[in-house]
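Only one structure is covered here, and it is reproduced in the block below.
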Amino acid sequence: MKKCRQCSKPATLHITEVRKGEATEIHLCESCAKDYLQTPEPPADSPDFEFDKLVEADDESLEGIDDRICPNCGITFKEFRSQGRLGCPHDYVEFASDLNALLENIHGETQHCGKLPRRAPDSSRRQHQLIRLRSELKSAIEGENYETAARLRDEIHSIEQSLQSGQDSASEPVDSSD
Amino acid sequence: MDLDSLTQQSGDWLRGTGPESDVVVSTRIRLARNISEFPFNTRTDDSTRARIVKQVRGALDDLAIPTVLQYIDVSELGDTDRQFLVERQLISRELSEGEGARGVAISKNEVESVMVNEEDHLRLQVLASGLDLSGCWQRIDQLDDAFEEHLTFAFHDHYGYLTACPTNVGTGIRASVMLHLPALVQTREIQKVFHSLQKINLAVRGLYGEGSQAMGDFYQISNQYTLGLSETQVLEKLSSVIPRILDYERRSRQAMLEENREELHDQVSRSYGILKSAHTISSEETMHLLSSVRLGVYLNLIDDLELSTLNELYIQTQPAHLQKLRHAELDSAERNKARAALLRQRLAAESEND
Numbered sequence: 000m001k002k003c004r005q006c007s008k009p010a011t012l013h014i015t016e017v018r019k020g021e022a023t024e025i026h027l028c029e030s031c032a033k034d035y036l037q038t039p040e041p042p043a044d045s046p047d048f049e050f051d052k053l054v055e056a057d058d059e060s061l062e063g064i065d066d067r068i069c070p071n072c073g074i075t076f077k078e079f080r081s082q083g084r085l086g087c088p089h090d091y092v093e094f095a096s097d098l099n100a101l102l103e104n105i106h107g108e109t110q111h112c113g114k115l116p117r118r119a120p121d122s123s124r125r126q127h128q129l130i131r132l133r134s135e136l137k138s139a140i141e142g143e144n145y146e147t148a149a150r151l152r153d154e155i156h157s158i159e160q161s162l163q164s165g166q167d168s169a170s171e172p173v174d175s176s177d
Numbered sequence: 000m001d002l003d004s005l006t007q008q009s010g011d012w013l014r015g016t017g018p019e020s021d022v023v024v025s026t027r028i029r030l031a032r033n034i035s036e037f038p039f040n041t042r043t044d045d046s047t048r049a050r051i052v053k054q055v056r057g058a059l060d061d062l063a064i065p066t067v068l069q070y071i072d073v074s075e076l077g078d079t080d081r082q083f084l085v086e087r088q089l090i091s092r093e094l095s096e097g098e099g100a101r102g103v104a105i106s107k108n109e110v111e112s113v114m115v116n117e118e119d120h121l122r123l124q125v126l127a128s129g130l131d132l133s134g135c136w137q138r139i140d141q142l143d144d145a146f147e148e149h150l151t152f153a154f155h156d157h158y159g160y161l162t163a164c165p166t167n168v169g170t171g172i173r174a175s176v177m178l179h180l181p182a183l184v185q186t187r188e189i190q191k192v193f194h195s196l197q198k199i200n201l202a203v204r205g206l207y208g209e210g211s212q213a214m215g216d217f218y219q220i221s222n223q224y225t226l227g228l229s230e231t232q233v234l235e236k237l238s239s240v241i242p243r244i245l246d247y248e249r250r251s252r253q254a255m256l257e258e259n260r261e262e263l264h265d266q267v268s269r270s271y272g273i274l275k276s277a278h279t280i281s282s283e284e285t286m287h288l289l290s291s292v293r294l295g296v297y298l299n300l301i302d303d304l305e306l307s308t309l310n311e312l313y314i315q316t317q318p319a320h321l322q323k324l325r326h327a328e329l330d331s332a333e334r335n336k337a338r339a340a341l342l343r344q345r346l347a348a349e350s351e352n353d
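In order, the protein sequences belong to chains A and B.
For the first sequence, numbering that gives the first Met the number 0 begins at 0 and goes up steadily by one.
For the second sequence, numbering that gives the first Met the number 0 begins at 0 and goes up steadily by one.
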């Protein structure tokens, strides 16, 4: 009979722990097992988690580009690297050259070949523009630049209008490739 | 929506009647989507989040799908109610513990759900009983199209659907199949399965993301890649592998039965006995024993229990469910008593009906 790994009493509970895809066997007596099971687990393994490690591993090759900043949302590449999350859709364009290597590592590919939205991609570009203008508007108001703010507000308004009218006409389906 | 009404029912995916339900508990597909005019939720303030909610709710009012999705404002819910939705697999822990304007829209049978302002603006989910990847895909594809009539999703010609985390970019799809693998765990063959799944880039996780046997021998198998494969290719890859695992588990169950019938019969009967008679029992022990009893039901060693009852007990013995059923806040010791009482009552009723 196996002995408890904590106190060497006979083990009555045999636990298979799976962490990071590795299964390990743990043999415990009843009282140690109770303690063991009541201790909270470390964060579960997830693709995101592995992705963080991946970013770490790429440290050297990424040096020097850390301070690059997305003009749309204001996130720096460094912030992205530390939190593993991007700030806005435009980051994919802004940081494209560096993201390509990452995406290649994560997915083995960089080209999407699934579903396409029914909308015209043109409207997407205008949406990116909206993100940028709105963040500019926010800082204009914070900096009390009311003239700039008024201009930005009008610009945002006109894009919103064109998107709205575009919504009614641009709903023909685009080829979906699957 | 009145959450208390949900305690009286259980989601369709718990029926235990879907294809291959002797091993496959449920199939789930989720899609990550972001509205292109807003930053990702890493960079949204509360007023922007509120606008995202408003846009999504506007779309929900006029969504061209056969079912009605009802919106629940998660930011207004107390701790127990949020945990209750997590236990039912309708929202993630991340949404539950998040901040600011956020919510979930769910269909009455809990098949469709849409989280708003999780890591991505929208997380669409379809959940089905048993193995049904193509059925889930059809539903979620329709749901996605219906939203698209009202919302413009962030999309890039080269990268596809854009997501806050690059691990989801492209199709934004995560298809996962929840398996109950007690025989592979007991015979320690499970490592081989993990190893071969890893080789072909499929991920393995526990019931709610954790991965220990204490969580009842449940494992979720899902795709890791979202870029460079079409949704159909992702589903085909899973569909080609799952039957091999099912076969492996079934053969292991039969082998256990043939080699050690008496011992196995004793083990599952003792597990059943504890569940029917305990007066205080932890969540972990419950999961462990229910798993053993479930194996007994599959192998006809226990013949007075339905799979659907076992499925419901998995959910109803979770902490928030116990508290909702009792209409009271219970501490850990009180929950252990309430859990034992529920098990005794439900299992006694089940045996009588037989």
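All residues carry an ideal CB built from backbone N, CA and C; glycine is no exception.
Please read all numbers here as calculations on a predicted model, not as lab measurements.
Per the coordinates, the alpha-carbon of Arg133(A) lies some 34 Å from the alpha-carbon of Val85(B).
Collapsing the DSSP output to three states places Tyr158(B) in coil.
Cys87(A) counts as buried, since no fewer than 16 other beta carbons sit within 10 angstroms of its beta carbon. For a Cβ distance threshold of 8 Å, residue set Thr41, Arg42 of chain B lies close to Ile74(A), ordered along the chain.
Residue contact check for His111(A) against chain B: a CB pair falls below 8 Å. Close to chain B, meaning a Cβ-Cβ distance shorter than 7 Å, are the following residues of the segment 88-102 of chain A: Pro88, Tyr91, Leu98, Leu101, Leu102.
Just measuring C-alpha positions, the residue of Gln185(B), Tyr313(B), Asp302(B), Leu201(B) sitting nearest Asn259(B) is Gln185(B). In the DSSP assignment, Gly272(B) falls outside any beta strand (DSSP E) and within the unbroken alpha helix (DSSP H) covering 230-276. Contact check for Leu298(B) and Arg252(B): beta-carbon distance about 6 Å, within the 8 Å limit, so the pair qualifies. Under DSSP, Gln69(B) takes part in a beta bridge, and its partners are Ile105(B). For His179(B), no chain A residue has a Cβ inside 8 Å of its Cβ, as the nearest lies near 14 Å away. Neighbourhood of Leu226(B) in chain A, by CB distance below 7 Å: Leu102, His106, Glu108, Thr109, His111, in chain order.
Pro116(A) reaches chain B at Glu147, Phe152, Phe154, counting residues in chain order whose Cβ is nearer than 7 Å. Membership of Gln82(B) in the alpha helix (DSSP H) is indicated by the continuous run 78-86. Nearest Cα to Glu111(B) within the set Arg87(B), Asp119(B), Glu98(B), Glu96(B): Arg87(B). A check of alpha carbon separations from Ile28(B) across Ser221(B), Gln190(B), Ser331(B) identifies Ser221(B) as the nearest.
Annotation: the segment 13-58 of chain B contains the following complete segments of the beta strand (DSSP E) (minimum length 3 residues), in chain order: 23-32. For Gln317(B), the secondary structure class from DSSP, reduced to helix, strand or coil, is coil. When the beta-carbon positions are compared, Asn33(B) and His120(B) come within less than 8 Å of each other. Interface residue (Cβ-Cβ distance to chain B less than 8 Å): Ile130(A) is classified as such. Setting aside the 5 residues that flank it on each side, Asn71(A) is surrounded in the same chain by Cys87, His89, Ile130, Arg131, each with a C-beta closer than 6 Å to its C-beta; the list follows chain order. When Cβ-Cβ separations below 8 Å define contact, His157(B) makes contact with chain A. Residue-level contact check: Leu27(A) does not touch chain B, since none of the beta carbons of chain B fall below 8 Å from its beta carbon. Between Val67(B) and Val115(B), the C-beta spacing is not below 8 Å. Remark: C-beta atoms of Leu151(A) and Glu135(A) approach each other more closely than 8 Å.
When 7 Å is used as the limit between beta carbons, Gly83(A) is near these residues of chain B: Cys164, in chain order.
Counting along the chain, Phe146(B) sits inside no beta strand (DSSP E); it lies in the alpha helix (DSSP H) bounded by residues 132-147. Distance check between His278(B) and each of Ser195(B), Leu76(B), Gly99(B), Leu341(B) places Leu341(B) closest, using alpha-carbon atoms only. Taking all protein chains shown into account, Gly159(B) has 16 or more neighbouring C-beta atoms within 10 Å of its C-beta and is therefore buried. Runs of the beta strand (DSSP E) lying entirely within the segment 106-146 of chain A and spanning at least 3 residues: none are present. The alpha-carbon of Ala332(B) is positioned some 15 Å away from that of His320(B).
In this structure, Gln315(B) keeps its C-beta atom at 8 Å or more from the C-beta atom of Ser291(B). A distance below 8 Å separates the beta carbons of Ser20(B) and Ser128(B).
Take Asp131(B), set aside five residues on each side of it, and the residues of its chain with a beta-carbon closer than 8 Å to its own are Gly17, Pro18, Thr26, in chain order.
Here the segment 54-64 of chain B makes no contact with the segment 155-163 of chain A; the two share fewer than three CB pairs at distances below 8 Å. Taking Leu150(B) as the centre and dropping the five residues before and after it, the same chain places the C-beta of Ile34, Ala58 closer than 6 Å to its C-beta, in chain order.
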